[in-house]
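J.:
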Amino acid sequence: MQALRRALRSPWAHLVIAFLVFGLVQAVCIKVFSVPSGSMQTTLEVGDRILVDRTAGWFGRQPQRGDVIVFTTDDDWETATTATPAWKAVIKGTLGAFGYGPGNAHHLVKRVIATGGDTVSCCDAEGHLQVNGEALDEPYVYDDLPFTAGVLDCDTTPRSRRCLPEITVPEGSLLVLGDHRSVSSDSVIACRGLTDADPAADGCARFADERDVVGHVVAIAWPLPRLSGAP
1 MQALRRALRS PWAHLVIAFL VFGLVQAVCI KVFSVPSGSM QTTLEVGDRI LVDRTAGWFG
61 RQPQRGDVIV FTTDDDWETA TTATPAWKAV IKGTLGAFGY GPGNAHHLVK RVIATGGDTV
121 SCCDAEGHLQ VNGEALDEPY VYDDLPFTAG VLDCDTTPRS RRCLPEITVP EGSLLVLGDH
181 RSVSSDSVIA CRGLTDADPA ADGCARFADE RDVVGHVVAI AWPLPRLSGA P
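According to UniProt numbering, the sequence shown holds residues 1 to 231 in order.
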């Protein structure tokens with residue numbers, strides 16, 4: 001017993017305990033992520049360290065419209081990546097299991113626009129995105145795709161790439177977009193510029209599965225000049 005007490009008083013023991021406690025907090029409560037791309041500018045900048053609340057699902061809170069979420073995908077929606085060497089995959093997987101780093105899964109940050117059962121379309125006469133027929137007020141959108149009524153809209157040729165066919169979100173799924181619309185590879189990237197009559201419009205959208213949501217962003221923690229609450 002005395003030997004155990006001496007061991008626990010060791011600075012190395014304190015370091016190991018701190019490592020495990022911090023890892024536990026990240027694994028089950030608050031996870032730190034680094035923003036990988038500019039698809040959420042200017043809400044989130046490349047390299048921002050964000051805090052993601054992982055506990056909401058415990059209390060039955062489902063992602064809501066407007067939430068900025070982190071979710072996993074089987075493939076990388078943003079860019080093609082090269083294969084990770086086996087030794088790096090082992091290290092990343094081990095650290096990820098303890099809450100350190102992203103692990104081996106692809107993690108993306110996007111904004112929830114619509115949830116299961118919602119219908120999304122674009123655009124109305126002013127170029128607004130619509131959910132269930134209602135135009136959205138989106139002050140967070142940066143550098144949207146060009147749209148000028150009567151010049152480049154959903155009835156002109158060529159058609160504005162802001163325009164979308166009508167998309168119904170399956171139950172248990174989320175339609176997610178980046179705030180930097182003109183560069184974001186998101187749920188509707190393959191649907192842009194299509195009409196309801198286009199054969200490619202059927203099944204053009206891809207969705208985030210609610211079960212793959214890690215949590216919603218509650219704060220920007222770093223760099224300090226950008227420290228703020230939920231975006």
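A virtual CB, placed ideally from N, CA and C, is assigned to each residue, including glycine. Note that the structure is predicted; figures quoted are calculated from it, not measured.
Measure from the alpha carbon of residue 185 to the alpha carbon of each residue in 166, 229, 109, 45, then state which is nearest.
T.: As a working mapping, residue 185 is identified with position 185 in the sequence shown. Out of 166, 229, 109, 45, 109 has the C-alpha closest to the C-alpha of residue 185.
J.: Measuring straight from C-alpha to C-alpha, what distance separates residue 189 and residue 225?
T.: For the purposes of this step, residue 189 is taken as residue 189 along the sequence shown, with counting starting at 1. For the purposes of this step, residue 225 is taken as residue 225 along the sequence shown, with counting starting at 1. When rounded, the distance between both Cα atoms is 32 angstroms.
J.: Does the stretch 166-173 come within contact of the stretch 199-212, defined as at least 3 CB pairs closer than 8 angstroms?
T.: yes
J.: Anyone know if the C-beta pair for residue 145 and residue 182 falls short of 8 angstroms?
T.: Indexing the sequence shown from 1 puts residue 145 at position 145. Indexing the sequence shown from 1 puts residue 182 at position 182. Cβ atoms of residue 145 and residue 182: closer than 8 angstroms.
J.: Within 10 angstroms of its Cβ, does residue 125 collect 16 or more other Cβ (buried), or is it exposed?
T.: Looking up residue 125 in the sequence shown gives position 125. Residue 125 should be labelled exposed.
J.: With distances taken Cα to Cα, identify the nearest neighbour of residue 200 among 216, 166, 33, 43.
T.: Here residue 200 refers to the residue found at position 200 of the sequence shown. That would be 166, whose Cα lies nearest to the Cα of residue 200.
J.: To the nearest angstrom, report how far apart residue 223 and residue 52 are at their CA atoms.
T.: Within the sequence shown, residue 223 is the residue found at index 223, counting from 1. Within the sequence shown, residue 52 is the residue found at index 52, counting from 1. Between residue 223 and residue 52, the C-alpha separation is close to 16 angstroms.
J.: In this structure, how does DSSP classify residue 171 when only helix, strand and coil are distinguished?
T.: Walking along the sequence shown from the start, residue 171 turns up at place 171. Residue 171: coil per DSSP, three-state reduction.
J.: Could you pull out every residue in the same chain whose Cβ sits closer than 6 angstroms to the Cβ of residue 40, ignoring the five residues on either side in sequence?
T.: As a position in the sequence shown, residue 40 is number 40, starting the count at 1. Here the set comprises 109, 178, 179.
J.: Which one of 54, 164, 49, 32 has the shortest CA to CA distance from residue 197?
T.: To locate residue 197, count along the sequence shown from 1; it is residue 197. Ranking the options by Cα distance to residue 197, first place goes to 164.
J.: Output the distance between the C-alpha atoms of residue 66 and residue 112, rounded to the nearest integer angstrom.
T.: By 1-based counting over the sequence shown, the position of residue 66 is 66. By 1-based counting over the sequence shown, the position of residue 112 is 112. So the alpha carbons of these two residues sit roughly 5 angstroms apart.
J.: Going by DSSP, which residues form a beta bridge with residue 130?
T.: Residue 130 sits at position 130 when you count from the first residue of the sequence shown. Answer is 121, 135, bridged to residue 130.
J.: Rounded to whole angstroms, how far is the Cβ of residue 204 from the Cβ of residue 162, which I believe are closer than 8 angstroms?
T.: For this step, residue 204 is matched to residue 204 along the sequence shown. For this step, residue 162 is matched to residue 162 along the sequence shown. At roughly 15 angstroms, the Cβ-Cβ gap does not stay under 8 angstroms, so residue 204 and residue 162 are not in contact.
J.: Among residues of its own chain, excluding the 5 on either side of residue 114, which ones have a beta-carbon nearer than 6 angstroms to its beta-carbon?
T.: Locating residue 114 in the sequence shown gives position 114, where the first residue counts as 1. If we look at residue 114 and ignore the five residues flanking it on each side, its Cβ neighbours are 120, 131, 169, 175.
J.: Residue 47 and residue 34 look like a contact to me (Cβ under 8 angstroms); what is the Cβ gap, rounded to whole Å?
T.: For the purposes of this step, residue 47 is taken as residue 47 along the sequence shown, with counting starting at 1. For the purposes of this step, residue 34 is taken as residue 34 along the sequence shown, with counting starting at 1. Right, their Cβ atoms sit about 6 angstroms apart.
J.: Does residue 157 pass the burial test, meaning 16 or more other C-beta atoms within 10 Å, or should it be called exposed?
T.: Here residue 157 corresponds to residue number 157 of the sequence shown, with the count starting at 1. The residue in question, residue 157, is exposed, as its Cβ has fewer than 16 Cβ neighbours within 10 Å.
J.: Expressed to the nearest angstrom, what Euclidean distance is found between the alpha-carbon atoms of residue 44 and residue 118?
T.: Within the sequence shown, residue 44 is the residue found at index 44, counting from 1. Within the sequence shown, residue 118 is the residue found at index 118, counting from 1. Looking at the two C-alpha atoms, the distance is approximately 26 angstroms.
J.: Decide if residue 153 is buried, meaning its Cβ has at least 16 other Cβ atoms within 10 Å, or exposed.
T.: By 1-based counting over the sequence shown, the position of residue 153 is 153. It is buried - the Cβ of residue 153 has at least 16 other Cβ atoms within 10 Å.
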